[in-house]
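Protein chains in written order, with numbering that gives the first Met the number 0: chain A, 0 to 334; chain B, 0 to 271; chain C, 0 to 381.
The beta-carbon is built from N, C-alpha and C at its ideal position, and this holds for glycine as well.
Given the structure is predicted, the values throughout are model-derived calculations rather than measurements.
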Amino acid sequence: MMPEQINVQTDKTPRNGGGISRMVRECRPFIWGAKVCRAYGLQGRSITVAIPYLWMLLLFMAPFLIVLKVSFSEIRIAIPPYAPLFQFIDNSYIQITLQLKNYAMLFKDALYVNSYLSSLKIATISTIVTLAIGYPIAYAMARAPKTWRLTLLMLVILPFWTSFLIRVYAWIAILKPEGFLNMVLIWAGVIDKPLIILHTDWAVYIGIVYSYLPFMILPLYANLEKMDFSLLEAASDLGCPPGKTFWKITFPLSMPGVIAGCFLVFIPAVGEFVIPDLLGGSSTLMIGKTLWTEFFSNRDWPLSSAVAVVLLLLLVVPIVWFQRYQARRNIVDVV
Amino acid sequence: MKKFTTFNKLSIILGFSFLYIPIILLVIYSFNESRLVTVWAGFSTKWYGELLQNQGIVGAAVITLKVAFLASTLATILGTMAGFAMARFGHFRGRTLFNGMIYAPLVMPEVITGLSLLLMFVAISFNRGMWTITLAHTTFAMCYVAVVIQSRLTSFDRSIEEAAMDLGCTPLKTFFVITLPIIMPAVVSGWLLSFTLSLDDLVIASFTTGPGATTLPMKIYSMVRLGVTPEINAVSTIMVGLVASGVVVASFLHKRSEARIAKAEVMAGNAP
Amino acid sequence: MGGEVTKSRKVWAPWNEADAKPFVRIENVTKKFGSFTAIDNVTLDIYEREFFSLLGPSGCGKTTLLRMLAGFETPTSGRVIIDGEDMSTVPPHKRPVNMMFQSYALFPHMTVEQNIAFGLKQDRMAKDEITERVGKMLKLVRMEKMAKRKPDQLSGGQKQRVALARSLAKKPKILLLDEPLGALDKKLREETQFELVNIQETLGITFVIVTHDQEEAMTVSSRIAVMDHGYVAQIASPGEIYEYPNSRQVAEFIGDVNIIEGQITEIRSDSATIKIKGTDVPVETGRSVNATADEWVWVAIRPEKMIISLDAPKNGSINCIAGKVMDIGYLGKLSVYHVRMEDGQIIIVTQTNRMRETERTITWDDLVHVSWSPDAAVVLLS
Numbered sequence: 000m001m002p003e004q005i006n007v008q009t010d011k012t013p014r015n016g017g018g019i020s021r022m023v024r025e026c027r028p029f030i031w032g033a034k035v036c037r038a039y040g041l042q043g044r045s046i047t048v049a050i051p052y053l054w055m056l057l058l059f060m061a062p063f064l065i066v067l068k069v070s071f072s073e074i075r076i077a078i079p080p081y082a083p084l085f086q087f088i089d090n091s092y093i094q095i096t097l098q099l100k101n102y103a104m105l106f107k108d109a110l111y112v113n114s115y116l117s118s119l120k121i122a123t124i125s126t127i128v129t130l131a132i133g134y135p136i137a138y139a140m141a142r143a144p145k146t147w148r149l150t151l152l153m154l155v156i157l158p159f160w161t162s163f164l165i166r167v168y169a170w171i172a173i174l175k176p177e178g179f180l181n182m183v184l185i186w187a188g189v190i191d192k193p194l195i196i197l198h199t200d201w202a203v204y205i206g207i208v209y210s211y212l213p214f215m216i217l218p219l220y221a222n223l224e225k226m227d228f229s230l231l232e233a234a235s236d237l238g239c240p241p242g243k244t245f246w247k248i249t250f251p252l253s254m255p256g257v258i259a260g261c262f263l264v265f266i267p268a269v270g271e272f273v274i275p276d277l278l279g280g281s282s283t284l285m286i287g288k289t290l291w292t293e294f295f296s297n298r299d300w301p302l303s304s305a306v307a308v309v310l311l312l313l314l315v316v317p318i319v320w321f322q323r324y325q326a327r328r329n330i331v332d333v334v
Numbered sequence: 000m001k002k003f004t005t006f007n008k009l010s011i012i013l014g015f016s017f018l019y020i021p022i023i024l025l026v027i028y029s030f031n032e033s034r035l036v037t038v039w040a041g042f043s044t045k046w047y048g049e050l051l052q053n054q055g056i057v058g059a060a061v062i063t064l065k066v067a068f069l070a071s072t073l074a075t076i077l078g079t080m081a082g083f084a085m086a087r088f089g090h091f092r093g094r095t096l097f098n099g100m101i102y103a104p105l106v107m108p109e110v111i112t113g114l115s116l117l118l119m120f121v122a123i124s125f126n127r128g129m130w131t132i133t134l135a136h137t138t139f140a141m142c143y144v145a146v147v148i149q150s151r152l153t154s155f156d157r158s159i160e161e162a163a164m165d166l167g168c169t170p171l172k173t174f175f176v177i178t179l180p181i182i183m184p185a186v187v188s189g190w191l192l193s194f195t196l197s198l199d200d201l202v203i204a205s206f207t208t209g210p211g212a213t214t215l216p217m218k219i220y221s222m223v224r225l226g227v228t229p230e231i232n233a234v235s236t237i238m239v240g241l242v243a244s245g246v247v248v249a250s251f252l253h254k255r256s257e258a259r260i261a262k263a264e265v266m267a268g269n270a271p
Numbered sequence: 000m001g002g003e004v005t006k007s008r009k010v011w012a013p014w015n016e017a018d019a020k021p022f023v024r025i026e027n028v029t030k031k032f033g034s035f036t037a038i039d040n041v042t043l044d045i046y047e048r049e050f051f052s053l054l055g056p057s058g059c060g061k062t063t064l065l066r067m068l069a070g071f072e073t074p075t076s077g078r079v080i081i082d083g084e085d086m087s088t089v090p091p092h093k094r095p096v097n098m099m100f101q102s103y104a105l106f107p108h109m110t111v112e113q114n115i116a117f118g119l120k121q122d123r124m125a126k127d128e129i130t131e132r133v134g135k136m137l138k139l140v141r142m143e144k145m146a147k148r149k150p151d152q153l154s155g156g157q158k159q160r161v162a163l164a165r166s167l168a169k170k171p172k173i174l175l176l177d178e179p180l181g182a183l184d185k186k187l188r189e190e191t192q193f194e195l196v197n198i199q200e201t202l203g204i205t206f207v208i209v210t211h212d213q214e215e216a217m218t219v220s221s222r223i224a225v226m227d228h229g230y231v232a233q234i235a236s237p238g239e240i241y242e243y244p245n246s247r248q249v250a251e252f253i254g255d256v257n258i259i260e261g262q263i264t265e266i267r268s269d270s271a272t273i274k275i276k277g278t279d280v281p282v283e284t285g286r287s288v289n290a291t292a293d294e295w296v297w298v299a300i301r302p303e304k305m306i307i308s309l310d311a312p313k314n315g316s317i318n319c320i321a322g323k324v325m326d327i328g329y330l331g332k333l334s335v336y337h338v339r340m341e342d343g344q345i346i347i348v349t350q351t352n353r354m355r356e357t358e359r360t361i362t363w364d365d366l367v368h369v370s371w372s373p374d375a376a377v378v379l380l381s
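Structure below.
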């Protein structure tokens, strides 16, 4: 009897202990998670895609669809301040109220049409000016002695890392009637009474050109730096004068950089809010600012959603174009 | 390419003056004794002292750093996964949509991103505050990280990963033991990029914030609307200084590691 | 057709023994990438201790086949059997096979030592055992002094040695080598070829190598599989491939060859007679041909097996073509003659320069006779 009892006990104890310790081992979240996933037919690969995919669907795609939905609904004084699109009537019909009113408003009210047009105008002019300023800088950097290039490149990138808001703010102190610019100009005797620049479209142009200059220089530099400068020597060897060489050889070859730079400036400039708000005046119309005002001051969520949808439609063509070039990739690479 | 020509020298000098004079003026006037920004009344650090007394600014700075830290860490994890998927998985179902969703936020006007996220948080009655800002920042920052990681991985010799698996390492372990250590510099720069993007953002944060969560850019913005003050210059100087020294240190470390490699190459007797 | 080369001497050749069991068996394997067929119904056997080459131009499917052995690609259909086990769907990290990559694929963040130890650590081998094995491997490839270096501190040849040591450390059943010498310069490559053979013989591991360099394949292999467009054109020992190619394509891929079209006039048990197209010149071959009379075939003759002379050779009625010297290339140890036949085809003949160049008698525009022995001609049906 005795040996048997002992036998039973010794037999049982380790089995229990083994079972628990095995459970503990297998319950390590990592293995457990992997097992659950495998049970659902998911492998490491699928999970790697699924998590960011779901995140983007939830926090990028869904919000955008909601904007689309809200843009078709009616404003109301409540929380949230818009009427639902779908309503159940007698639990059997779904009533869908699609309000095109908001979109009609955008075309009826000159404020919106003018905002869109003026945004496009300001963005276009700023882009051209940025290109005109950025190109010589990028060109000079690309032709600088090798030891200098990295330092210069870092100096272009540095403002890109510093706060956008702060860089815009810095211009207020410069452009004010009693600011540095006027101080210098009066001191130099160029003018005798201060220029009014702040709170005009001029200040907006300056702000955009200044803020987006690095975005123009970086892709241009990346392109020009790779260019084989013996091509220019070949051109001059064949009798082409330097000025003509630039327009016949250098500029056409740098076209990918030019396009990338222009889109990197143009697209964000169209939807810009901070610059027109801080540097522009009350007469400066830009769509980003209009949307902001509509949303925060007038609390008209449906209308501002409609503004957003139309703005996006306006940008779809250049954005699709831009995707092909994927120029921001260059920027990110350089950074 | 030996020397600067006069024209090139001139464009560089003018170009970089344009880029840097505003920032330099801003920094100088943060040390101005006078409250009037344009009148120099002697050197002083009193505005920095006053800054520390300003509970609003200090509080906003704390929130901003918290948000930036959380968002950039999350964005780095998610973005690395997304970048890995884009670079390594070839064609999978829904790939086009995935690519579109990763690239779109890079070019989307911030007002639209902000508005759409807010409308969604309202639609699902999510309590707005620090967390919603963090989620919003994670979303757009992870796209930048994904692009950085993807471009790093495309130039990554895939047979290194295959070699590890060939030697008996499971795919998951291979990622952590081989791939991750090698792409670490890209991961770190993705994190830094996310951190500064989050630190910098005004528009998206303004839309997605809730009661009690004011970030530093929002605080600065509301102060700027009331006028130019030396305190703002002081905050700005601190932010610029931090970022500048960060970038300089990073590039210094990078250069040093490059120098080490160069030295090693000389030792190995196969310098170029 | 094999026999002769190996029968005469007692050579190790398991592929000729009926009862030898193949170590690796690739069975009706097809691999498709979308609509592109990379491997088209390939069947081949590799025996233990073989040094087996997959030779072919780039894009012929040789690397895909190697990657299938390693487990990086799974066959669309067919089976890969290694040492009696079906490995078709086994992932790379569970296969008893190691690979040396074309780019070497050394882990840049690990030292030479750590690189070599990596595979052993995956097997949870005891620490002192790892140290011992790593030491042996370093000694094998003569890299003991470089143990603490990182890959970017090594030269190309040193990297190649580390990669070899790393893939050998686990004592795999088969070592797969993807263009192992491709990145080395010519001189180093030639030295390393012999070293590879020595290592293979010392360790007794089966080597499967992928290469596009026919000289390399000829030097190192026990057998070569010539591949093209996803199928295997011929599998045989280097000598056999060179002397008895089974198609025009193999003949042209390995070395230089003259290919002349002709029609069979007579087939005997140990020889055949062929009439060269457009002439009455009869060609006699030293082997019988598996074809019917009047069939059109191709006769392949290597340039170095031909003799060029100003006078007609003694038995000039067979295996002799008359022509005019169009070009002479002096290559030092050899001279290359381009001789135009009556119908316009150019025949290339090489002769060893036993005499000084100044004493060379044949010159441009000379009318010459090009002749060869019956053994030199190979009849190709495709």
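On the criterion of 16 or more Cβ atoms from any shown chain inside 10 Å, does residue i qualify as buried, or is it exposed?
| i | result |
| --- | --- |
| ASN97/C | buried |
| ALA165/C | Correcting the residue type first, residue 165/C is Arg in the shown sequence and not Ala. Its Cβ being crowded by 16 or more others within 10 Å, ARG165/C is buried. |
| LYS30/C | buried |
| GLU128/C | exposed |
| SER354/C | The identity of residue 354/C in the sequence shown is Met, whereas the question assumes Ser. MET354/C is exposed by the Cβ-count criterion. |
Return the CA-CA distance between residue i and residue j, expressed in angstroms with no decimal places.
| i | j | result |
| --- | --- | --- |
| VAL186/B | VAL269/A | 31 Å |
| SER210/A | VAL61/B | 26 Å |
| ILE237/B | PRO229/B | 12 Å |
| SER281/A | HIS198/A | 7 Å |
| LYS61/C | PRO170/B | 25 Å |
| ARG78/C | ARG222/C | 22 Å |
| LEU152/B | SER253/A | 27 Å |
| ARG298/A | PRO80/A | 8 Å |
| MET325/C | VAL335/C | 11 Å |
| LEU18/B | PRO176/A | 21 Å |
| ALA163/B | GLU189/C | 29 Å |
By Cβ distance below 7 Å, which residues in the same chain neighbour residue i in space, the five residues on each side in sequence not counted?
| i | result |
| --- | --- |
| THR218/C | GLN192 |
| ASN101/A | SER70, PRO301, LEU302 and ALA305 |
| LEU114/B | PHE206 |
By Cβ distance below 8 Å, which residues in the same chain neighbour residue i in space, the five residues on each side in sequence not counted?
| i | result |
| --- | --- |
| PHE250/A | VAL257 |
| SER287/C | ILE266, ARG267, SER268, ASP269, SER270 and ALA271 |
| GLY128/B | THR208, GLY209, PRO210, GLY211 and ALA212 |
Interface residues of chain A around residue i at Cβ under 9 Å?
| i | result |
| --- | --- |
| ASP199/B | TRP160, THR161, SER162, PHE163, LEU164 and ILE165 |
Helix, strand or coil: how does DSSP classify residue i here?
| i | result |
| --- | --- |
| THR205/C | strand |
| LEU68/C | helix |
| LEU149/A | helix |
| LEU223/A | helix |
| SER133/B | Checking the displayed sequence, the identity of residue 133/B turns out to be Thr instead of Ser. The answer is helix: DSSP assigns THR133/B an H, G or I state. |
| PHE51/C | strand |
| TYR81/A | strand |
| HIS92/C | helix |
| VAL26/B | helix |
| PRO281/C | strand |
Note down, in chain order, every chain B residue with its Cβ under 7 Å from the Cβ of residue i.
| i | result |
| --- | --- |
| GLY118/C | LEU166 and GLY167 |
| SER102/C | ASP156 and SER158 |
Take residue i and list the residues in its own chain whose beta-carbon comes closer than 6 Å to its own, dropping the five residues that flank it on each side.
| i | result |
| --- | --- |
| ALA235/C | none |
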